[in-house]
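The block underneath contains the structure these notes are about, expressed in structure tokens.
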Amino acid sequence: MKVFEKAYMGSLVLKNRIIRSATFEGMCDDNGNPHKEYVKLYSKLSEGDIGGIITGFSFVSRDGKAMHPGQAGIDSTQKIDSYREVANIVHKNNCKIFMQIAHTGRQTKANKTGMPVVGVTGKKSFYFAEKPETLNTIQIMRIVDKFINSALYSQEAGFDGIQLHCAHGYLIHQFILASINKRQDEFGIHKKTGIGTKFLELIIDGIRKKCTREFAILVKVSGSDDYFNRFNTRQFIELIKFLDYKRVDGIEISYGTMDYAMNIFRGDVPIDVVMSNNPIHRVNSRMGKILWKSLVYPFVKYKLKPFTPLYNLEYAKIAKSQTNIPVIYVGGVRKGEEIKSLVEQHNFDFVSLCRPFICEPDFVKKLMENELYNSKCVNCNICAVMCDSEQATHCYKYN
Ligand SMILES: Cc1cc2nc3c(=O)[nH]c(=O)nc-3n(C[C@H](O)[C@H](O)[C@H](O)COP(=O)(O)O)c2cc1C
92 MKVFEKAYMG
102 SLVLKNRIIR
112 SATFEGMCDD
122 NGNPHKEYVK
132 LYSKLSEGDI
142 GGIITGFSFV
152 SRDGKAMHPG
162 QAGIDSTQKI
172 DSYREVANIV
182 HKNNCKIFMQ
192 IAHTGRQTKA
202 NKTGMPVVGV
212 TGKKSFYFAE
222 KPETLNTIQI
232 MRIVDKFINS
242 ALYSQEAGFD
252 GIQLHCAHGY
262 LIHQFILASI
272 NKRQDEFGIH
282 KKTGIGTKFL
292 ELIIDGIRKK
302 CTREFAILVK
312 VSGSDDYFNR
322 FNTRQFIELI
332 KFLDYKRVDG
342 IEISYGTMDY
352 AMNIFRGDVP
362 IDVVMSNNPI
372 HRVNSRMGKI
382 LWKSLVYPFV
392 KYKLKPFTPL
402 YNLEYAKIAK
412 SQTNIPVIYV
422 GGVRKGEEIK
432 SLVEQHNFDF
442 VSLCRPFICE
452 PDFVKKLMEN
462 ELYNSKCVNC
472 NICAVMCDSE
482 QATHCYKYN
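In this text, residue positions in the sequence shown follow my numbering: the first is 92, and each later residue adds one.
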């Protein structure tokens, strides 16, 4: 089937059209250096016949580190050798690997990074609830340089490309969204397009200048979000047109921001696990738990979107209609027949999955044996909620 034919991402050839979507690992030390577990994870995934792997989000600078313990970081030349080991192992298995690079902006906690929280404007994320320091032009240009250097370090480590995390409410996304970006300078919202792309443009242009043309620039974006002044279809089309104009090498279409994180993943909300492990919603007493469940949760639940198969299809189809750059479908893919239809009927260039690979790193091998194979993942979402704990990411149901 077409799914298992080789396909181009920019000038790279992937052996098939299935990608492991970025998945936070929680397998690094406090400075973002990979532990052995991290190397083993990528070795195992690449042995499973995946066409390409996108790593979990890795910080480009200390102030852009996430609050989750164990996050990877590619912010200095000293990291190059340890990440080279990862790239080498993956390449031995004829698989491509892309480092996802990110700056959290307002979506982090100062007591976790040891640095002030910075943002596009002083507007708080209601989940992270920390007022960010508004970035001035010099600070913005410094972060642009951090992204460019981070891409260069990834290239020197032997990675095939990077993925710029422009989704899920992180810093690049904060610049794009009119609901957050209230700046009046050149980094504000463009009057004609209704989106803020200057920051992203400087990053893409800088990476193109410093890295080789073969080094792929992938981008992950959110089709919309759950804010009152939500990102609309017109703005989304403008964003895809902008990425088309910049000739990035692949665009992955996701959804939402961390303020409504469950709408990125969808499925069950493991409330008891949240109450025991989440650094923001942790509740210790029995009474507290009862009150949280009966008073707070109904408000949270009201905003939740249900898990439906291929829940980002509407946005991915819009993207596909606006560009000939490879579009990577992500979100709610669980069945072999869905993968086949995404590639053969909808003409998506690549299909990417996250949770199915957490419970079955050899999912692609199984699919090659039986094209109707279905993932065992039941969207219990404990893996997602546990990113906030000290535990490395793994499947809590089957492992
Ligand atoms: C445990 C976990 C960690 C994740 N980490 C990241 C990440 O680091 N970067 C990112 O862009 N998305 C991340 N995601 C989102 C996934 O890449 C993907 O967009 C989402 O889970 C939907 O795909 P799925 O239905 O195949 O799981 C994560 C999701 C989960 C469940």
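Even glycine gets a Cβ: it sits at the ideal position worked out from N, Cα and C.
State the DSSP-derived secondary structure class of H491, mapped to helix, strand or coil. Since the first residue shown for the chain is 92 and the last is 490, residue 491 is missing from the structure and cannot be characterised.
Residue of K200, I231 and M206 minimising C-alpha distance to F219: Residue mapping note: residue 219 aligns to position 128 of the sequence shown, counting from 1. Cα-wise, what sits closest to F219 is K200.
Would the C-beta of A258 count as close to ligand 2, meaning under 7 Å from any of its heavy atoms? In terms of ligand content, the structure shown lacks ligand 2 and carries ligand 1 instead.
Which residues does DSSP list as the beta-bridge partners of S313? Residue numbering aside, residue 313 sits at position 222 when the sequence shown is read from its first letter. S345.
Beta carbon of N421 nearer than 8 Å to that of N403: To locate residue 421, count along the sequence shown from 1; it is residue 330. To locate residue 403, count along the sequence shown from 1; it is residue 312. The amino acid at residue 421 is misidentified as Asn; the sequence shows Val. The Cβ atoms of V421 and N403 lie closer than 8 Å to each other.
Terminal residues of the continuous beta strand (DSSP E) containing M100? The residue labelled residue 100 in the question sits at position 9 within the sequence shown. Taken as a continuous stretch (DSSP letters only), the beta strand (DSSP E) holding M100 covers A98 to M100.
Considering only the beta carbon of each residue, do A163 and T146 sit closer than 8 Å? Position 72 of the sequence shown, counted from the first residue, corresponds to residue 163. Position 55 of the sequence shown, counted from the first residue, corresponds to residue 146. Cβ atoms of A163 and T146: closer than 8 Å.
Taking K301 as the reference, give the member of I239, R373 and E405 with the closest Cα. On the sequence shown, residue 301 is found 210 positions in, with the first residue counted as 1. I239 is the residue among I239, R373 and E405 whose C-alpha sits nearest the C-alpha of K301.
What are the start and end residues of the alpha helix (DSSP H) that includes Y129? The residue given as residue 129 occupies position 38 in the sequence shown. Y129 -> alpha helix (DSSP H) spans K127 to E138.
Could you spell out where the beta strand (DSSP E) holding L463 opens and where it closes? Taking the sequence shown and counting its residues from 1, one reaches residue 463 at position 372. For L463, there is no enclosing beta strand (DSSP E), since its DSSP letter is neither H nor E.
Among K183, L226 and A307, which one has its Cα closest to the Cα of S134? Here residue 134 is taken as the residue at index 43 of the sequence shown, counted from 1. Across the set K183, L226 and A307, the C-alpha of K183 shows the shortest separation from the C-alpha of S134.
Taking all protein chains shown into account, decide if K187 is buried (16 or more other Cβ within 10 angstroms of its Cβ) or exposed. Your numbering for residue 187 matches position 96 in the sequence shown. Buried, since its Cβ has 16 or more Cβ neighbours within 10 Å.
May I ask you to check if the CB of S112 is nearer than 7 Å to at least one heavy atom of ligand 1? Taking the first residue of the sequence shown as position 1, residue 112 is located at position 21. S112: yes, Cβ under 7 Å from ligand 1.
4-residue-minimum alpha helix (DSSP H) runs that sit fully inside the region 169 to 198, ordered along the chain: With a minimum length of 4 residues, the continuous alpha helix (DSSP H) runs that stay inside the region 169 to 198 are 171 to 183.
For F493, count neighbouring Cβ atoms within 10 angstroms of its own Cβ and tell me buried if that reaches 16, exposed if not. The chain is shown from 92 up to 490; residue 493 falls before or after that span and cannot be answered.
Assuming H259 contacts S313 under a Cβ cut-off of 8 Å, what Cβ separation, rounded to an integer in Å, is found between them? Position 168 of the sequence shown holds residue 259. Position 222 of the sequence shown holds residue 313. That pair is a contact at about 6 Å.
Using three-state DSSP, classify C119 as helix, strand or coil. Along the sequence shown, one-based indexing puts residue 119 at 28. In the structure shown, C119 sits in a strand (DSSP, three-state: E or B).
Go ahead and pull the three-state DSSP assignment for S443. Against the sequence shown, residue 443 aligns to sequence position 352. S443: strand per DSSP, three-state reduction.
Could you work out which residue in A410, K467 and Q436 is closest to K426 when comparing CA atoms only? As a first step, residue 426 must be located in the sequence shown, where it is residue number 335. Of the candidates A410, K467 and Q436, K467 places its Cα closest to the Cα of K426.
Could you name each continuous beta strand (DSSP E) segment of 3 residues or more that falls completely within the region 204 to 278, going from the start of the chain to the end? 252 to 257
With which residues is R111 paired in a DSSP beta bridge? Walking along the sequence shown from the start, residue 111 turns up at place 20. In DSSP, R111 forms a bridge with I144 and L444.
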